[in-house]
Each structure stands twice: as C-alpha cells, then as structure tokens.
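For the record, the sequence lines run as chains A and B.
Final position of the first sequence in numbering that gives the first Met the number 0 is 172; the numbers increase by one with none missing.
Final position of the second sequence in numbering that gives the first Met the number 0 is 287; the numbers increase by one with none missing.
For every residue, glycine included, the Cβ atom is placed at its ideal position computed from N, Cα and C.
Please read these numbers as outputs of a predicted model, since none were measured by experiment.
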Amino acid sequence: MTSHVYVFLLLFVSVWLEVFFGSYGILVPLVGVAVYYVSVTYDWDIGLLAGICCGAIIDSVYGRGVYFSSLLFAAVVPLAMFWLCFVETRSVAMLAIPGACIGGICSGVLAGASLLLCGFSWDVFFQSGAALLFAMGAGALLLPSSVLVLDALAEDLGFELFAKAKDKLPQRR
Amino acid sequence: MLHYPDQKRNRKFFLVGVALMLLAALTVVQAFRRATSRIASDFFYPFVRVSGFAEDALSNKSLLLEKKLSLAAALEKLQKENSRLLAQTAALEILHKENSELRNLMKIAQPSAAWNCIFAEVLVRDPVFWEENFTINKGSESGLVPGALVLACVADADNATPLPVVAGRLSSVSKHSAVVSTVISKDCVLSVRVPASGASGIMQGGVRDGGRCKVSVRYLPRSLLYEPGQYLYTSGLSRWTPPGIRVGTLYGDKTVEGVFQDNLHWELKMEPAVKLDDLHFVMVMVAQ
C-alpha cells in the first residue's frame, strides 16, 4: 500500500513539473520517464494505468481538444518492457537510449499533431523539430539520472528497485 | 490475508481492463472527457498557481530594490494615466446618456447586453499548442461562461496607447480556471466586419507562417473591394460578443491574400492584432 502512495506521489510530482516547465514553453518528457520507471520497477500493468491517467490529466490541464498524451504514455510501456526483457539494463548510461526514445515518442507525435491540426508551415515545422531534438536530449539525460535518484530514494524507503527489476522478471511471469 | 494462486493474473486483468476502459471513454465519450477536464483542472489549480504566487512575490520584493525617485516617477505616471482614463470615462458616460435619450426619442430599443469585465492572468500554456490555447486563473466561480470573448491589450500602432483587441474565446470553464481558444484556433469562431469595405464575414482557424499568424475570414461578399491593412472588428451579431472590438487587419502585400470560395465569396487572410507569443494578462467580457 505504501508503495502505491509512493508511485502516486512520483507521478503527481512529474505531472506537476511537466506542466510547470510546459507553461514556460519547455517540453520535458518527465511523465514519460516516470511511466518508464514505474513500468520497469513495478509492472507493466501499473505503468499502463499510470500512463493513461497521467496523459488524461496533462491533456485536461493544458486544455487540449484531442487526448493524445494517454496514448503516448501508454506507448512508453512496451518500450520499457522491451528494454527490460531484451536489452542489458545493468548499465545506467545505456538508459540514455530509451530516454531519448521517450523524448521522441512524447514530443514527436505531439509536434506531428500540431502540424496536422494547425496547418503545415515551415515555421511550425522547424519549431517542432527543435522541440523534438530538445525533448530527446532531455529524455536521454533525465532517464538515467532519475533512475539513480529514485532508486537511491526507494532503497532508503525500502521499496522495490529499478536495478533489481530484471532479477524479479521470472517472478512476475 | 488470503492468497489465491491466480491473484496476480487477476490483478493484471483488472488493471489493464480499467486502463483500456479509461482510454476508450476518453477517446469516445465527450461528456467523460469534459468531466475529466473539469476535475483535473480544479484539482491541479492550487499546484499550478504556486509558480504564479512565487513570481508575484518575487516581483513585489524586487520593487523594494528600486530607487525611491524611479518609484515616485512611476507613481506619478500612473496617476496621470488614471486621470486621463477618468476623464475619458466621464466623456463616454455623457455620450452613453445622449445615446440613450436619442434612442428613446427615435423609439429604438436599447442594446440588450451589458458587459461584465473580468481580469485574469494566464495560468498554463501548452508548449505544443502555444498559440492555439491557454488556461487562465479565473473560472465559473468568478462568473465566466463558455463562449465569452477574451481581450488582450496591445500598443496601438497609430498613437502608441494601449488598445484592447480580441485574443480568443472561452472554450471550456471549470470552477477555478478556464481554457481560452485563441483567434488562430479552429475552435474560435467569430463574426467580424470590415467597416472600410462594409463587409461582414466569419473568422475561423489560422496557421503560423514565418513568425506571423494568418487567420481565415470566410463568406466575405465577392462584390466588395478589400485592401491590405484594412481593420477588422467584431460585428456584435452574437449576444456573446460586444461589437466594435478590433480583431486584426487584412493580410497581403499589394493585394489581399485569399481565394474564392464556391465562386461566391472571398476567403481572405487576416493578421490578428493580438500578440500571442507574449501574453500574461487578459480581460474576459461576459454578457450580463
């Protein structure tokens, strides 16, 4: 039960920070990173539910007419499970690759939607491209650093660890 | 506590089922989407407002760092501006009375709507749809209703005085906040007129191009003449919209930019007067 509260707080803070930075025009894939962490550390079903709920909240707070974010954060879950099951996860630095992918998923689709919904123009295209690159870079930096910080916190609090997720994979099945 | 062998699998089915149902409901059921939007906006309102409080506190404290002389000069300037606005209001009051008397003499009905002006601050902006919509820090509790006109002040190019221009309309309202669809959003439909040509049209949706916004104005009569730079104002045909508020100017280099629509009407491009890049405060006009 305590771990559920921890997951709720983690997601709440990530949503709040993403909205906070977003209001200054900075697209940082914090929720995507949090959903990835939850999916790997706890399980993909919790990650899926968390992603859909967080996406709905973010779209609601931003006042978007179409709810994209739920689908985007849900798409982070298969990426997390693929990386956990088929790729080496012991190296924290290697997490920069899925981190960049999360940035790409979260901002790329939104940038595409912006082009489709608001009409194509080169101005929007280059702005979206710059936002995509920034989000990928931010994701590449954020995922490894978040894993380090959150695992250190979880270890002190006695919760499940991201670092031990691969070892617990057979139990989950 | 009892442990069933398939408890874990059941939990998975349950969570995935809930997640998929949520996703389906959000995609398909508009009422559910609206309810989610209201709940999420009101729940997050105090947390989103935190940054605004911090900014206000910082700017208030930074005032203390200003020199006494510069503060006194700013105060004097504001007092002068206040006096000028008071004089203007008094003159308008006289005109209003005259107008009412003349309407009575000519037996013309008095205008039905009076307007309540509510000032609000921009609370949240979407980094993806930066110029299409934003959220303000006032909601139904302050008297806002969906569809109300939102104005912003810009410096008038002609005489450098602040001029209220149309920024957009309220597309949804929750208890403490409201979402504004700006003039370039497809959700903002507005009846406009071009006094210089005597034409009326419907404004809806625009694009950003080369750092400028271009908004489509449809159903403009084909027989009339249009020139770039002609001002567009709200027509006031709807009871939600006051008339005579500047919306923008017709776009074009030597001739107006646009196309024929069904061989009957012009669809011209308009450059909105509002500067959407840098918007902090707005005024909402609600019909009483």
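Not a single C-beta of chain B is nearer than 8 Å to the C-beta of Leu168/A. In this structure Lys76/B is exposed. Its beta-carbon is surrounded by fewer than 16 other beta-carbon atoms within 10 angstroms. Taking a C-beta distance under 8 Å as the contact criterion, Val149/B and His279/B do not qualify as a contact pair. Contiguous alpha helix (DSSP H) elements confined to the stretch 12 to 49 of chain B do not occur, taking only those with 4 or more residues. DSSP places Cys187/B in the coil class of the three-state scheme, outside both helix and strand. With contacts defined as CB atoms closer than 8 Å, Cys212/B and Pro271/B qualify as a contacting pair. By the Cβ criterion, the stretch 222 to 235 of chain B is in contact with the stretch 188 to 195 of chain B, since at least three pairs of Cβ atoms, one from each stretch, lie closer than 8 Å. Cβ contact annotation for Ala147/B (same chain, cutoff 8 Å, sequence separation greater than five): Arg168, Leu169, Trp239, Val283, Met284, Val285 and Ala286, in chain order. At a cut-off of 4 residues, not a single continuous stretch assigned as alpha helix (DSSP H) sits fully inside the stretch 95 to 147 of chain B. Across the structure, Leu21/B and Val75/A are spaced so that their CA atoms are roughly 17 Å apart. Taking C-beta separations shorter than 6 Å and ignoring five residues to either side along the sequence, the partners of Leu29/A in its chain run Ser13, Leu16 and Glu17, following chain order. By the criterion of a C-beta distance shorter than 8 Å, Val164/B is surrounded in its chain by Leu150, Ala151, Cys152, Val153, Ile244, Arg245, Val246, Gly247, Pro271, Ala272 and Val273, once the five residues flanking it on both sides are discounted. Under the three-state reduction of DSSP output, Leu231/B falls in the strand class.
The stretch 59 to 66 of chain A makes no contact with the stretch 85 to 102 of chain A, as fewer than three CB pairs between them are under 8 Å. The count of Cβ pairs closer than 8 Å, one atom from the stretch 145 to 161 of chain A and one from the stretch 106 to 116 of chain A, stays below three, leaving the stretches out of contact.
Lys213/B sits in a strand when the DSSP states are folded into three classes. At the C-beta level, Glu130/B and Arg48/B stay beyond 8 Å of one another.
For the 8 Å CB-CB criterion, Tyr35/A and Ala79/A form a contact. Residue-level contact by beta carbon fails for Ser38/A and chain B, as no gap is shorter than 8 Å. Residues Lys174 and His175 of the same chain have their beta carbon placed closer than 8 Å to that of Glu140/B, with the five preceding and five following residues left out of the count.
A Cβ-Cβ distance of about 4 Å is found for the pair Ile101/A and Gly31/A, placing them in contact under the 8 Å criterion. Judged by beta-carbon spacing, Leu47/A lies beyond the 8 Å limit of Ala134/A, meaning their Cβ atoms are not closer than that value. Contact note: Asp150/A does not reach chain B at a C-beta cutoff of 7 Å; the least C-beta distance is about 23 Å. Annotation: Tyr35/A has no Cβ neighbours in chain B at a cutoff of 7 Å; minimum Cβ distance is about 16 Å. Proximity to Ala195/B across Val172/B, Gly205/B and Pro227/B peaks at Pro227/B, based on C-alpha coordinates. By the criterion of a C-beta distance shorter than 7 Å, Tyr250/B is surrounded in its chain by Lys213, Pro227, Glu256, Lys268, Met269 and Glu270, once the five residues flanking it on both sides are discounted. For the stretch 4 to 26 of chain B, the beta-carbon criterion of a distance under 9 Å to any beta-carbon of chain A is satisfied by Lys7, Arg10, Lys11, Phe12, Phe13, Leu14, Val15, Val17, Ala18, Leu19, Leu21, Leu22, Leu25 and Thr26.
Against chain B, the beta carbon of Val123/A has neighbours under 9 Å at Val206, Arg207 and Asp208, listed in chain order. For Gln29/B, the closest alpha carbon among the candidates Asp155/A, Ser2/A, Ser59/A and Phe20/A is that of Ser59/A. Within the same chain, Cβ atoms closer than 6 Å to the Cβ of Val123/B are found at Val47 and Thr134, the five residues on either side in sequence being excluded. Per the DSSP secondary-structure output, Ser2/A pairs with nothing in a beta bridge.
Close to chain B, meaning a Cβ-Cβ distance shorter than 9 Å, are the following residues of the stretch 72 to 104 of chain A: Ala73. For Gly111/A, the nearest beta carbon of chain B is not closer than 8 Å to its own beta carbon.
Secondary structure at Gly128/A: helix, using DSSP grouped into helix, strand and coil. At the C-beta level, Leu223/B and Gly197/B come within 8 Å of one another. Under a criterion of Cβ atoms nearer than 9 Å, the residues of chain B adjacent to Cys52/A are, in order, Ala18 and Leu21.
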